[in-house]
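Mapping to our numbering: the sequence shown position 211 is 216, numbers consecutive.
Built from N, CA and C at the ideal position, the CB exists for glycine as well.
For clarity, every value in this text was computed on a predicted model and none was experimentally measured.
What follows is one structure encoded as structure tokens, with my remarks underneath.
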Amino acid sequence: MVTVIIPTYKGEEKVSQAVKSVLNQTYKDLEVIVVDDNGRGTEHQIATETELAPLFDDIRLKYIVHAVNKNGSAARNTGIKHSSGEYIGFLDDDDIYLPEKLEKQVALFESLDDTYGLVYGSFREIIDENHSRIVMARYSNDFLYDFLCDRIIACSSTVLIRREVLSKVVEWDESFRRHQDLEFFARIAYNYKVSFIEDICIEKRKLDRNTAKGEVYEQYHMHYVNKMESI
Numbered sequence: 006m007v008t009v010i011i012p013t014y015k016g017e018e019k020v021s022q023a024v025k026s027v028l029n030q031t032y033k034d035l036e037v038i039v040v041d042d043n044g045r046g047t048e049h050q051i052a053t054e055t056e057l058a059p060l061f062d063d064i065r066l067k068y069i070v071h072a073v074n075k076n077g078s079a080a081r082n083t084g085i086k087h088s089s090g091e092y093i094g095f096l097d098d099d100d101i102y103l104p105e106k107l108e109k110q111v112a113l114f115e116s117l118d119d120t121y122g123l124v125y126g127s128f129r130e131i132i133d134e135n136h137s138r139i140v141m142a143r144y145s146n147d148f149l150y151d152f153l154c155d156r157i158i159a160c161s162s163t164v165l166i167r168r169e170v171l172s173k174v175v176e177w178d179e180s181f182r183r184h185q186d187l188e189f190f191a192r193i194a195y196n197y198k199v200s201f202i203e204d205i206c207i208e209k210r211k212l213d214r215n216t217a218k219g220e221v222y223e224q225y226h227m228h229y230v231n232k233m234e235s236i
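Here it is in structure tokens:
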């Protein structure tokens with residue numbers, strides 16, 4: 006089984022599309038866990054639940070609400086705690102899986118030995134109505150180094166991990182407000198091999214919810230850099 010965890014915060018405009026893109030995968034042995042991080046009873050939480058309500062009849066969908074807003078890492082950790090899958094994927098609420106994403110990545114995992122902990126894929130980023138770009142996954146004989154140097158881009162929605170990697174990396178670091186996916190994947194790549202599919206496996210869209218500017222953004226960045234020092 007595959008568990009796909011979708012954290013959502015002020016994402017009611019897009020989240021149902023994200024959920025449907027998982028439920029409609031060609032790979033059917035799955036569960037979807039939406040973790041609503043808006044805070045119970047808030048305007049955005051009520052709107053999110055209303056948006057998802059037509060999908061609640063599908064027993065593969067779980068909807069979990071945080072009592073108060075925490076952050077994306079905490080939401081992903083909540084999803085992990087409630088997950089059952091042998092493999093775990095993550096999907097941002099403004100992205101969508103392409104139909105064969107999970108089928109192709111599970112097939113790749115089944116061809117690899119247990120030294121591989123993560124697989125990722127290429128993606129299409131939708132910039133605006135008229136512009137997009139394709140970011141290709143590629144081979145590296147030193148994934149961790151190239152990843153930390155920004156020579157490889159593996160965004161959170163493209164990856165699939167073996168559940169067993171959590172025995173070493175444990176969970177997402179909840180001290181992060183940004184770059185939490187980079188830090189989590191770096192810890193996996195420090196302990197396991199990484200492989201990829203060249204196929205475009207997601208479409209990435211952006212909702213403008215980042216209010217961090219100037220000095221605050223720099224603090225977030227330096228927190229990431231300092232956490233990476235040991236690696």
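Bridge partners of residue i, per DSSP?
| i | result |
| --- | --- |
| residue 228 | Its beta-bridge partners do not exist; DSSP assigns none. |
| residue 94 | 9 and 165 |
| residue 114 | Looking at the DSSP assignment, residue 114 forms no beta bridge with any residue, so it has no partner. |
| residue 222 | Answer is none; residue 222 lacks a bridge partner. |
| residue 298 | Look at the range of the chain in this structure, 6 to 236, and you will see that residue 298 is not part of it. |
| residue 36 | 8 |
| residue 136 | 133 |
| residue 127 | 205 |
| residue 121 | 198 |
In terms of alpha-carbon separation, which member of the options lies closest to residue i?
| i | options | result |
| --- | --- | --- |
| residue 64 | 34, 111 and 116 | 34 |
| residue 255 | 199, 157 and 95 | Here the chain has residues from 6 to 236 only, and residue 255 is not among them. |
| residue 241 | 198, 230 and 21 | Residue 241 falls outside the range modelled here, since the chain spans only 6 to 236, and no answer is possible. |
| residue 45 | 32, 69 and 62 | 69 |
| residue 101 | 93, 131, 109 and 87 | 131 |
| residue 55 | 191, 147, 9 and 17 | 17 |
| residue 156 | 148, 208 and 31 | 148 |
| residue 161 | 104, 146, 207 and 87 | 207 |
| residue 103 | 29, 222, 11 and 191 | 29 |
| residue 231 | 205, 143, 163 and 180 | 180 |
| residue 143 | 204, 89 and 117 | 204 |
| residue 11 | 228, 113, 163 and 223 | 163 |
Hey, residue i and residue j: beta-carbon distance below 7 Å or not?
| i | j | result |
| --- | --- | --- |
| residue 234 | residue 168 | no |
| residue 83 | residue 41 | no |
| residue 202 | residue 122 | no |
| residue 165 | residue 110 | yes |
| residue 39 | residue 9 | no |
| residue 158 | residue 195 | no |
| residue 128 | residue 209 | yes |
| residue 7 | residue 107 | yes |
| residue 31 | residue 105 | yes |
| residue 177 | residue 189 | yes |
| residue 200 | residue 124 | yes |
| residue 198 | residue 120 | yes |
Does the distance between the C-beta of residue i and the nearest non-hydrogen atom of the ligand NAD fall short of 6 Å?
| i | result |
| --- | --- |
| residue 49 | For the ligand NAD, the structure offers nothing, since it holds no ligand at all. |
In chain order, what are the residue ranges of uninterrupted beta strand (DSSP E) at least 3 long that sit wholly in the stretch 145-215?
165-167 and 198-209
Any contact of the stretch 77-90 with the stretch 174-189, i.e. 3+ C-beta pairs under 8 Å?
yes
Is the stretch 165-179 close to the stretch 135-153, with three or more CB pairs under 8 Å?
no
Under 8 Å: do the stretch 42-55 and the stretch 128-143 share three or more Cβ pairs, one atom per stretch?
no
Any chance you could list the beta strand (DSSP E) runs of at least 3 consecutive residues sitting entirely within the stretch 22-77, in chain order?
35-41 and 66-70
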